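Contents: one structure, followed by commentary.
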Amino acid sequence: MPKPKILYEGRFIEMVAQGKWEYVRRNNSSTTIAILALTQDDELLFVEQMRLPVGGPVIELPAGLVGDDGDATEQPIVAAIRELEEETGYTTEKIIELGTFCSSAGLTNEQTIIFLAIDCHQVSAGGGVAGESIQIHKIPRKKAASWLLDRVKLGELMDGKVWTALALAQRRRWKVPVK
């Protein structure tokens, strides 16, 4: 395999050519986290925010980069708790990793770790950090799938991690082991 050639390097990504392949890789962290958060009132927390690459708002899980605050040693679970609070205003001590997957292996080196957080309680307003405009949706867990499908029928965009996380949480029966 030929040596990778950097075609473009920006603040967050670089475009690489390697043989007949072209791909994008994150230059600050290749690991992202996403959190399926269940409140003490049995509501799931979804976020909605503008995503320029797709030209509109997207319904997502609270998510972000590991080491986003410049700490290269940040652990994924710490990033998950940080992002959960930044984006939704909720936190928890009951959180477990559900699995890791490639977000788009033919395009990027990014891998996402999905967490399940239960018994989440509100500690702040959330809504993201400066420059983010995040809308928070609290949906009863038993109505979440139909709410999400209704949004898709209306033409709204949905991040695929939402469905992946719901399937993984259901498989675990929404349980987080007590430590």
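Sequential numbering from 2 applies to the sequence shown in our numbering.
Where is the CB? At the ideal position from N, CA and C, for every residue including glycine.
The structure presented is a predicted model; accordingly, all values stated were derived computationally and were not measured.
- DSSP, reduced to helix, strand and coil, places residue 171 within a helical segment of the structure shown.
- Note on the stretch 27–111: whole alpha helix (DSSP H) runs with a minimum of 4 residues are 77–89, in chain order.
- Runs of the beta strand (DSSP E) lying entirely within the stretch 115–154, each at least 3 residues long, are 136–141 in chain order.
- Looking from the CA of residue 91, the closest CA among 36, 30, 5, 164 belongs to 36.
- In the three-state reduction of the DSSP assignment, residue 162 falls in the helix class, which pools H, G and I.
- According to the DSSP secondary-structure assignment, residue 6 is paired through a beta bridge with 18.
- CA-to-CA, the gap between residue 130 and residue 71 works out to about 15 Å.
- Between the stretch 2–19 and the stretch 50–61 there are fewer than three C-beta pairs closer than 8 Å, too few to call the two in contact.
- In its chain, beyond the 5 residues on either side, 2, 3, 4, 5, 6 have a beta carbon closer than 8 Å to the beta carbon of residue 19.
- Check the Cα spacing between residue 12 and each of 120, 23, 29: the tightest is with 29.
- Looking only at 57, 94, 16, 43, the smallest Cα-Cα distance to residue 156 is reached by 57.
- Sequence-distant partners of residue 97 (beyond 5 residues in either direction) whose C-beta falls short of 6 Å from its own C-beta, in its chain, are 117, 177.
- Contact holds between the stretch 158–170 and the stretch 101–116, because three or more Cβ pairs, one in each stretch, are under 8 Å apart.
- Residue environment analysis places residue 141 among the exposed positions, since fewer than 16 neighbouring C-beta atoms fall within 10 angstroms of its C-beta.
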